[in-house]
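**Q** First, the structure itself, so that you have it in front of you.
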Amino acid sequence: EDYTDFWKERWNVSVSENGNLATAEISFKIEKPGNYRLKVSTSDLAGRSKVVWKNIIIAE
């Protein structure tokens, strides 16, 4: 399996807040066709965490 870490300090990550909701956006490019799994995780100051996996299919 190939793993790529998309979190890089040099990247411009957009974070917006609306009340108790925060939205983070990051752009990335997938250049090779195939089946991918995107893993997103977060945690709060109390130590609770959440992990979500999304399947991405890039056709040839």
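Residue numbers for the sequence shown, in my numbering: 9 to 68. Just so you know, even glycine gets a beta-carbon here, dropped at the ideal spot from N, CA and C.
1) Thinking C-beta only, is A32 closer than 8 angstroms to V71?
2) For T50, I'd like the list of residues in its chain whose CB is within less than 8 angstroms of its CB, leaving aside the five on either flank, ordered along the chain.
3) What first and last residue would you give for the beta strand (DSSP E) that runs through K47?
4) Is A67 helix, strand or coil when you go by DSSP?
5) Could you name the residues of the same chain whose beta carbon sits closer than 6 angstroms to that of E68, not counting the 5 residues immediately before and after it, in chain order?
6) Mind reading off the beta-carbon distance from I34 to W19? Whole number of angstroms is fine, and I expect it under 8 angstroms.
**A** Considering the structure as presented:
1) Any answer about residue 71 is impossible in this case: the structure gives the chain only from 9 up to 68.
2) If you number the sequence shown from 1, residue 50 lands on position 42. So the qualifying residues of the chain are S57 and K58.
3) On the sequence shown, position 39 is the one that residue 47 refers to. Per DSSP, K47 belongs to the beta strand (DSSP E) from G42 to S51.
4) Position 59 of the sequence shown, counted from the start, is the residue given in the question as residue 67. Coil.
5) Numbered from 1 along the sequence shown, position 60 holds the residue referred to as residue 68. Here the set comprises P41.
6) Looking up residue 34 in the sequence shown gives position 26. Looking up residue 19 in the sequence shown gives position 11. Taking a contact as a CB-CB distance under 8 angstroms, the pair I34 and W19 counts as one, their CB atoms being some 6 angstroms apart.
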